[in-house]
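Last residue of the sequence shown: 514 (my numbering), numbering continuous.
No residue lacks a Cβ here, since even glycine has one placed at the ideal position from N, Cα and C.
Note that the structure is predicted; figures quoted are calculated from it, not measured.
One structure below.
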Amino acid sequence: MLHENQSSAEVESDHVVVARRRWSMALLVFFSMIYAGFIGLCAFAYQWFSTITWMGVPAPVWYGLGLIFLALGIAGLYGHLTRLKS
429 MLHENQSSAE
439 VESDHVVVAR
449 RRWSMALLVF
459 FSMIYAGFIG
469 LCAFAYQWFS
479 TITWMGVPAP
489 VWYGLGLIFL
499 ALGIAGLYGH
509 LTRLKS
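What follows is the structure, given as structure tokens:
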């Protein structure tokens with residue numbers, strides 16, 4: 429296979445792998461809670477949630493766009509945090 433010959437520089441220590449797992453789980457839980465809030469508002473308070481507008485656009489659209497940009501930001505943050513030398 430192509431990945432059989434790893435140099436010693438490519439081998440990660442166990443504490444780096446554990447740190448990456450912690451960061452990934454923490455960021456996943458953070459995003460999931462915000463996403464669950466969006467789903468909850470859409471499912472149980474849609475009449476109220478859809479009446480809130482900004483610049484003529486309903487709040488669910490802004491919230492959804494915010495989720496997309498938040499996901500991109502979290503991906504960038506995860507990439508930055510896991511690239512740091514531990």
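Between the CA atoms of residue j and residue i - distance to the nearest angstrom
i	j	result
ARG448	GLY501	17 Å
ALA471	TYR491	14 Å
ALA454	SER460	10 Å
LEU456	TYR463	10 Å
VAL489	ALA503	21 Å
GLY465	ASP442	35 Å
LEU493	VAL485	11 Å
LEU505	GLN475	35 Å
Contact under 7 Å by Cβ, residue i with residue j
i	j	result
LEU592	PHE458	One cannot answer for residue 592 here, as it falls past the ends of the chain, which runs 429 to 514.
LEU509	TRP451	yes
ALA473	ILE480	no
Residue i versus the options, residue with shortest Cα-Cα distance
i	options	result
LEU495	ILE467, THR481 and VAL444	ILE467
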